[in-house]
Each structure stands twice: as C-alpha cells, then as structure tokens.
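Visitor: Using this note's numbering, you'd call the opening residue of the sequence shown number 120 and step up by one each time.
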Amino acid sequence: MSTSASAASVPELAYEHNGRRISSAAFYAIACDPRRSVAVEACAGAGKTWML
Numbered sequence: 120m121s122t123s124a125s126a127a128s129v130p131e132l133a134y135e136h137n138g139r140r141i142s143s144a145a146f147y148a149i150a151c152d153p154r155r156s157v158a159v160e161a162c163a164g165a166g167k168t169w170m171l
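1) State the Cα-Cα distance for the pair GLU72 and PHE146, rounded to the nearest angstrom.
2) To which residues of the same chain is SER143 closer than 7 Å at the C-beta, ignoring the five residues directly before and after it?
3) Do VAL157 and ALA163 have their C-beta atoms within less than 8 Å of each other?
4) Pull up the distance between the alpha-carbon of ALA124 and that of ASN137, whole angstroms please.
5) Could you check the C-alpha separation between LYS167 and PRO153 for me, to the nearest Å?
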C-alpha cells in the first residue's frame, strides 16, 4: 500500500468526538467538562494527567 507525497505531508488529527475529527481545543473543552463522562486514550507523555 503506497501513500502519495501530499497525503504523507498532512498530519492526521488525533482528536475525535462521536466519530468526528475535532480541534484540540474542542477536544479538551469536552474532556474537561464536569457534566460529561469521557474516556481519553493516548500514549504516555501525551498530557492526559493535567485533565484530572
């Protein structure tokens, strides 16, 4: 499977809400909203702890 040069140069967004890609600001607003229950998955060192 090959990837074109233009597709490889565009970073994929890592933030998603209900199957839709969203900005990091929108993601953190949702994740830190005390009225919601969320599951945040990310690798070590990604900055999850400060959300607690």
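For each residue, glycine too, the CB sits at the ideal point set by N, CA and C.
Guide: Well, looking at it:
1) Any property of residue 72 remains undetermined from this structure, which presents the chain solely from 120 to 171.
2) TYR134
3) no
4) With a pLDDT of 49 at ALA124, under the threshold of 50, the modelled position of this residue cannot be trusted, and the question is left open.
5) 15 Å
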